[in-house]
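Asker: Just passing along the structure, written as structure tokens.
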Amino acid sequence: MKTHFIPILALIAGLAFSCQPGVQEQQAPPQGKLGAPLIENDGVKIDYRYCGQGDTTLLFVHGWCINKEYWEPQLDEFCTKYRVVAVDLPGFGHSDDNRDDWRVEKFGEDITRVIDVLGLPHVILIGHSMGGDVVLEAAIQRPEKVIGLIGVDNFKDVRAAYTPEEEQGFEEVVAELKADFPGTAAAYAETALFHPSTDSLVKQRVIDDFRNARHAPATAAIENLVHYGKRETELLQQLGVKLYLINSDATPTDEHALTRYCRAGHEVLPIHATGHYPMIEKPEAFNGLLQTAIHKITHDTQRR
């Protein structure tokens, strides 16, 4: 493993990458499983969980090489209070992978498709890691539907471009993923994504999911992120709602950059002693911070 591998992939991660018992899933117009609408975007089926009810929707989007099940502790908590949707991005989890476009922009279209088909009201988008850029795209595409944006351990190093040296190292990492995806991805997860306090079961879950991810979409998604920085900064400047971040303090968040680009404002809600997956590493603490952000967003919305 080359020495550039960990810092370059750490930059990538910093860029963006069953409901509670008794809570029934929404019974929408029959087409798909459990009576819920079958959602497709350009012929690609999108798998999702849908529970709860209310005027406010929480829409959860996972990060690279994982899936919607990482939000299970949040569904358990919030399905009794809000309308909640958790999505598998195409190419991950149980969603289809019958396409060749794995750009963040396309993933954003997938999320807006979910919003449109389900007719979701007053949406708060919540994206982990790479999912942060995905929900940013969706927020820009549907400003009339989105009332808030919450990132989870992302937007830590917002900038328009990598240095030439970083881009070269990045290309070498992509080559390693193409040559040996399971070994390269699993080694990255094991070495770069955890805190000393991260539970061993959480570690093994993430490592296994990285190792078993579908190689082509996962590699292409990462490869397309290398030139996304400029668009990310442009979209943050266009964002019409305040950006909330629940970020692990194990690595720093560059708030000077966020102040520069987030014209509608930003607020970091730090979570302590976790790695890259605070929603499953410390679910109770995470849910408390998430509830705080939701309250702030709904309060701001009522004032507008």
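Position in the sequence shown (from 1) plus 5 gives the number in the numbering used here. Note that beta-carbon positions come from the ideal geometry of N, C-alpha and C, so glycine has one too.
1. Counting along the chain, where does the beta strand (DSSP E) carrying residue 251 start and finish?
2. What residues match up with residue 292 in a beta bridge as DSSP calls it?
3. Are there 16 or more other CB atoms within 10 angstroms of the CB of residue 150, so buried, or fewer, so exposed?
4. For residue 184, which option in 173, 204, 221 has the closest C-alpha, if you only look at C-alpha atoms?
5. Classify residue 7 as buried or exposed, calling it buried when 16 or more other Cβ atoms lie within 10 Å of its own Cβ.
6. Does the Cβ-Cβ distance between residue 215 and residue 255 come in under 7 Å?
7. When you compare only the Cα positions, how much space is there between residue 123 and residue 42?
8. Helix, strand or coil, according to DSSP, for residue 143 in the structure here?
9. Nearest-angstrom Cα distance between residue 289 and residue 105?
10. DSSP has residue 88 in a bridge; who is on the other side?
11. Could you say which of 155, 196, 179 lies nearest to residue 301 if we only look at CA atoms?
12. Please tell me whether residue 203 and residue 132 are closer than 7 Å, where the distance is taken between their beta carbons.
13. So what's residue 54 in DSSP terms, helix, strand or just coil?
14. Is DSSP giving residue 28 helix, strand or coil here?
15. Restricting to Cα atoms, I'd like to know which of 76, 167, 305, 152 is closest to residue 283.
Answerer: In short, the structure shows the following:
1. The sequence position of residue 251 within the sequence shown is 246, counting from 1. Where residue 251 is concerned, the enclosing beta strand (DSSP E) stretches over 248 to 251.
2. As a first step, residue 292 is located in the sequence shown; it is residue number 287 there, counting from the start. In DSSP, residue 292 forms no bridge with anything.
3. Position 145 of the sequence shown holds residue 150. Per the 10 Å Cβ criterion, buried.
4. The residue given as residue 184 occupies position 179 in the sequence shown. Checked all of 173, 204, 221; the closest Cα to residue 184 is 221.
5. On the sequence shown, position 2 is the one that residue 7 refers to. Any answer about residue 7 is weak, because its pLDDT of 39 lies below 50 and its placement is not dependable; what the coordinates show is given next. Residue 7 should be labelled exposed.
6. Here residue 215 refers to the residue found at position 210 of the sequence shown. Here residue 255 refers to the residue found at position 250 of the sequence shown. Contact flag unset, no.
7. Here residue 123 is taken as the residue at index 118 of the sequence shown, counted from 1. Here residue 42 is taken as the residue at index 37 of the sequence shown, counted from 1. If you take the alpha carbons of residue 123 and residue 42, they lie about 7 Å apart.
8. Start at 1 with the first residue of the sequence shown, and residue 143 comes out as number 138. If DSSP states are grouped into helix, strand and coil, residue 143 belongs with the helices.
9. The residue labelled residue 289 in the question sits at position 284 within the sequence shown. The residue labelled residue 105 in the question sits at position 100 within the sequence shown. Using only the alpha carbons, I get a separation of about 38 Å.
10. Indexing the sequence shown from 1 puts residue 88 at position 83. Answer is 62.
11. Taking the first residue of the sequence shown as 1, we reach residue 301 at position 296. Among 155, 196, 179, the Cα nearest to that of residue 301 is on 155.
12. The residue labelled residue 203 in the question sits at position 198 within the sequence shown. The residue labelled residue 132 in the question sits at position 127 within the sequence shown. Their beta carbons are not under 7 Å apart, which means residue 203 does not touch residue 132 by this criterion.
13. Translated into the one-based positions of the sequence shown, residue 54 becomes position 49. Residue 54 falls in the strand class under three-state DSSP.
14. Counting from one through the sequence shown, the residue named residue 28 turns up at place 23. Confidence at residue 28 is low in this model, with a pLDDT of 37, below 50, so the placement of that residue should be treated as unreliable; the coordinate-derived value is given next. It is coil, neither helix nor strand.
15. Mapped onto the sequence shown, residue 283 falls at position 278. Here the closest residue by C-alpha is 76.
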